[in-house]
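**Student:**
Residue numbers (my numbering), protein chains in the order written: chain A, 13 to 172; chain B, 20 to 799.
Set out below in structure tokens:
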């Protein structure tokens, strides 16, 4: 059964006709072609598919498209601020926060959501906020560092 | 090495921008027009005869485009093939031949829960899954065997046509073990066991296959060794190599787990039959139940030491649970059997080791490759010996540590070695002496500190033919430089390291270098990412290719400068005669001239490097397997709650002899990632099998370390400047994990006085050991 939904996707109002049971992850990847959001487990355990739904991080592998009418969705493809990389994207490159990069989009979306709510997080707060996002390559240390550096840049921008 | 401008300096990943913007394409992201979806039917039984596969109902389901079974494979389900050559490219007389017992689908008998029986391609996933449910397989159940020790007993069910299910074995004798034990002041014997650990890369394995009108098949997939895969696919599909092309996508982590898998040949067969592009992507559950994890092992170790701590004898009995197939198992067994013997100055060695089939998931390569389980046993043992000798564990290791210039009992020639320095640095930085001496009894949660040491290879040769790497460096019309390497980027950062090497040699910026994704039609042949060979071997080939390109570039520059090409220097994007930087022409000007001048020629630099290693003699197993050996020492400090058994890691200190860190940030990233993976191996991760079924095939129940499990990590890179490696570099990715589990187990022992001899060191095992200790104390 198809359903028409109206969503805002990465800032653009969009009408979509979707089977109601289609998962948001599959909707993004297969039907819209935004493959930046990754499937790591399909069961909500790894965080690779994290997107922002109405400003909150969710596992897109656990959300049905039928529930999305009126939703505001931001994916990794919408993380840039205009033509500029988001500070957290820059910091991941500079600090070595990505190795294979498969967990990176989900990790970045979770980090953005943390920094939106808490502009000056402690290492503990970062670790707690990102603990649902698994990474098998980095050992996490450089990710924590990258989030700290991004937070500092965002604070400097706001102050300046 | 004097005045390096790019090498030796941290550089962000060359593919970083792609990875942080979501544009990096991994194999599950590939989509082609008319593409359909593949799914695999797997055996639900651990051991069963597959006597009939009826696909007729599935074939009638609308939307089903192809069904393949063993009957559809060319020449009756061909076997996988090795990539171990002689000079003619034929299968070589290897010192350690792989066991080629895997076919595209299981051959008449399913040998583990997950064994591939058939596959379907359909217009969408739902239809493909429905089609699988309509395939009727008649199984005749056979008695299974799960425990390798039982599988070796007379009368045990046999999986393959080999006696006692023994797929491979080693009998190693060096010196005189009896004489060694006779001289020993202390002797200790213990049994250690280790578990199945999954690579658990975040990116699942997928393959997209497409066949063109000429019958040529292209595959977009993730592989550690695309050239081996091309040969394997051409062998298994009965196609000439010219009909197989592999595009490497971004790889979502490998750690050893993205070598041979049945995904690629099955996907290719589906595409050949459907004549449409097919995508086959493993689910996380399939990754767990049917991708080769680190083998489970059983190790009986007996060692003796003299009064002054010299190790005088080592006797080892190893059983490696191969699971249902052998494949790379013999080489992993080889690693377990021999590697640690060169860490310390052992002379008297007796080892019997066995690779044994059981009806469980077949094991395979995983970071460290047989070294981590054996190092856990050895390094746990070292601590017990130190205690019996009333020596500090650090002192015992220093006493026996391998030194540069030595040749080990197996013929390994150690040309660079900073093991002693690593141990000393790790001990000093972790405040070892002070923390070892600390009184622990006053704390409700005792703290302990433990050390583990390790040795590894930088490439490991088992056969006489080519074991090297090729690289090509070309220079384009706008001064842009292309680096083609046959080595595999898995996320470890080799593209960046190789680009740094080219930038160093050509005197340009890393940003001027393009490193295209690997394509077996265009990339030069290399063996791929395993055995820590990429930087050491691939880096040498890349360096030679860059030097070759530079020499060609200098010919054109010499015309422009009216100078001798042999006198020129390339630096900061300019080329000038030595000592006369004011006479420079720019790199861009020279590149343009090579490209555009009448009679010019495109610069194509070639580099090829085959390491000067020696395959072991198949009989004596003696030989210098690697051109460079790596060493390291790791110290872990933990806190143990005796009420719950919970271990909290307080910090790690890791000192590793990396030869030379070409990209220090990347080396640090490898060490940090490995420490956390090693902590998973040491404390948490365990694929639990019950009657051949994996009970935790998901991230909810197979727990990876999360961000909450990490502790501060102090990383120290010790540069021994290897005489053979590029700029002195050796491998680092695998070594970094090897010593982590024993360092943790030793720290737990130091904290609470119970020795856990089976990995992982879980709270349950700690509580049981504490209770047993208490019961023993009361009875005394």
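Idealized CB from N, CA, C, for every residue including glycine. Owing to the predicted nature of the structure, the values given are computational and were not obtained by experimental measurement.
Look at the alpha carbon of residue 738 of chain B and the alpha carbon of residue 684 of chain B, and state the distance between them as a whole number of angstroms.
**Tutor:** Cα-Cα distance, rounded: 15 angstroms.
**Student:** Report the neighbours of residue 549 of chain B on chain A: residues whose CB is nearer than 7 angstroms to its CB, in chain order.
**Tutor:** Correct list: empty, because the minimum Cβ distance to chain A is about 16 angstroms.
**Student:** Against chain A, does residue 717 of chain B count as a neighbour if the rule is that its beta carbon must be under 9 angstroms from one of theirs?
**Tutor:** So yes, residue 717 of chain B belongs to the interface.
**Student:** If distances are taken between C-alpha atoms only, which option among B/25, B/374 and B/234 comes closest to residue 186 of chain B?
**Tutor:** When each option's Cα is compared against that of residue 186 of chain B, the closest is B/374.
**Student:** Could you list the residues in the stretch 149-162 of chain A with a C-beta less than 8 angstroms from some C-beta on chain B, going in chain order?
**Tutor:** Residues 149, 150, 151, 152, 153, 154, 155 and 156.
**Student:** Closer than 7 angstroms by beta-carbon distance: list the chain A residues that pair up with residue 189 of chain B, in chain order.
**Tutor:** Simply none; closest approach about 32 angstroms.
**Student:** With a cut-off of 8 angstroms, do at least 3 Cβ pairs link the stretch 376-384 of chain B to the stretch 398-417 of chain B?
**Tutor:** Contact fails: fewer than three Cβ-Cβ distances are below 8 angstroms.
**Student:** Could you tell me if residue 107 of chain B is buried or exposed, where buried requires 16 or more neighbouring beta carbons within 10 angstroms of its beta carbon?
**Tutor:** With fewer than 16 other Cβ atoms within 10 Å, it is exposed.
**Student:** Which residues of chain A have a Cβ atom closer than 9 angstroms to the Cβ of residue 133 of chain B, listed in chain order?
**Tutor:** Near residue 133 of chain B there are no residues of chain A at all, since even the closest Cβ is about 17 angstroms away, more than 9 angstroms.
**Student:** Would you mind telling me which residues of chain A sit closer than 7 angstroms to residue 38 of chain B, beta carbon to beta carbon, in chain order?
**Tutor:** Ordered by position in chain A, the residues that pass the 7 angstroms Cβ test against residue 38 of chain B are 110, 113 and 116.
**Student:** Note down, in chain order, every chain A residue with its Cβ under 7 angstroms from the Cβ of residue 754 of chain B.
**Tutor:** Going along chain A, no residue has its Cβ under 7 angstroms from residue 754 of chain B, so there is no contact; the nearest lies around 15 angstroms.
**Student:** Counting only runs that start and end within the stretch 59-126 of chain B, where is the alpha helix (DSSP H) found for 4 or more residues in a row?
**Tutor:** Whole alpha helix (DSSP H) segments, 4+ residues: 75-79.
**Student:** Could you compute how far the alpha carbon of residue 121 of chain A sits from the alpha carbon of residue 258 of chain B?
**Tutor:** Going from the Cα of residue 121 of chain A to the Cα of residue 258 of chain B covers about 45 angstroms.
**Student:** Quick check: residue 84 of chain A and residue 67 of chain A, are their CB atoms within less than 9 angstroms of each other?
**Tutor:** Yes, the Cβ-Cβ distance between residue 84 of chain A and residue 67 of chain A is below 9 angstroms.
**Student:** Where DSSP assigns a beta bridge to residue 491 of chain B, which residues make up the other side?
**Tutor:** Paired residue(s): B/503 and B/625.
**Student:** Kindly indicate which three-state DSSP category residue 534 of chain B falls into: helix, strand or coil?
**Tutor:** Of the three classes helix, strand and coil, the one that applies to residue 534 of chain B here is coil, per DSSP.
**Student:** Going by Cα to Cα distance, which pick from B/485, B/183, B/340 and B/180 is closest to residue 627 of chain B?
**Tutor:** When each option's Cα is compared against that of residue 627 of chain B, the closest is B/485.
**Student:** Does residue 302 of chain B have its Cβ less than 9 angstroms from a Cβ in chain A?
**Tutor:** Taking Cβ atoms only, chain A reaches closer than 9 angstroms to residue 302 of chain B, which makes this a yes.
**Student:** Return no unless some Cβ of chain B is closer than 9 angstroms to the Cβ of residue 71 of chain A.
**Tutor:** No, its Cβ sits nowhere closer than 9 angstroms to a Cβ of chain B.
**Student:** What are the boundary residues of the alpha helix (DSSP H) that includes residue 121 of chain A?
**Tutor:** Residues 116-129.
**Student:** With a CB to CB cut of under 7 angstroms and the five nearest residues on each side skipped, what residues in its chain are close to residue 151 of chain B?
**Tutor:** Here the set comprises 58, 60 and 139.
**Student:** If we define contact as Cβ-Cβ less than 9 angstroms, is residue 145 of chain A a contact residue for chain B?
**Tutor:** With 9 angstroms as the cut-off, residue 145 of chain A counts as an interface residue toward chain B.
**Student:** Are the CB atoms of residue 554 of chain B and residue 750 of chain B nearer to each other than 9 angstroms?
**Tutor:** Taking 9 angstroms as the Cβ cut-off, residue 554 of chain B and residue 750 of chain B qualify as a contacting pair.
**Student:** Identify the residues that DSSP records as bridge partners of residue 263 of chain B: which are they?
**Tutor:** According to DSSP, which records beta bridges pairwise, residue 263 of chain B is partnered with B/236.
**Student:** For the beta strand (DSSP E) containing residue 187 of chain B, name the first residue and the last one.
**Tutor:** Unbroken beta strand (DSSP E) run through residue 187 of chain B: 185-193.
**Student:** Along the chain, where does the alpha helix (DSSP H) containing residue 513 of chain B start, and where does it finish?
**Tutor:** Unbroken alpha helix (DSSP H) run through residue 513 of chain B: 513-525.
**Student:** Using the beta-carbon of each residue, which ones in chain A are nearer than 8 angstroms to residue 691 of chain B?
**Tutor:** Going along chain A in sequence order, the residues near residue 691 of chain B (Cβ under 8 angstroms) are 150, 151, 152, 153 and 154.
**Student:** Residue 72 of chain B: which of B/42, B/399, B/137 and B/633 sits nearest, CA to CA?
**Tutor:** The candidate whose alpha carbon is nearest that of residue 72 of chain B is B/137.
**Student:** Who are the neighbours of residue 89 of chain A on chain B, taking C-beta pairs under 7 angstroms?
**Tutor:** Within chain B, the residues near residue 89 of chain A are 41.
**Student:** Suppose you measure from the CA of residue 676 of chain B to the CA of residue 652 of chain B; what does that come to, to the nearest Å?
**Tutor:** Using only the alpha carbons, I get a separation of about 9 angstroms.
**Student:** Are three or more beta carbon pairs between the stretch 138-152 of chain A and the stretch 685-697 of chain B nearer than 8 angstroms?
**Tutor:** Yes: the two stretches touch, three or more of their Cβ pairs being nearer than 8 angstroms.
**Student:** Taking the DSSP output, what are the residues bridged to residue 20 of chain A?
**Tutor:** Its beta-bridge partners are A/25 and A/84.
**Student:** Which partner residues of residue 205 of chain B appear in the DSSP bridge assignment?
**Tutor:** Answer by DSSP bridge pairing, in chain order: B/324.
**Student:** For a contact meaning CB atoms closer than 9 angstroms, what does residue 695 of chain B contact in chain A?
**Tutor:** Residues of chain A passing the Cβ test: 147, 148, 150, 151, 152 and 153.
**Student:** Chain B beta carbons: is any one of them nearer than 9 angstroms to that of residue 62 of chain A?
**Tutor:** No, residue 62 of chain A lies away from the interface with chain B (no Cβ there is under 9 angstroms from its Cβ).
**Student:** Put residue 384 of chain B into one of helix, strand or coil per three-state DSSP.
**Tutor:** In this structure, residue 384 of chain B counts as coil in the three-state DSSP scheme.
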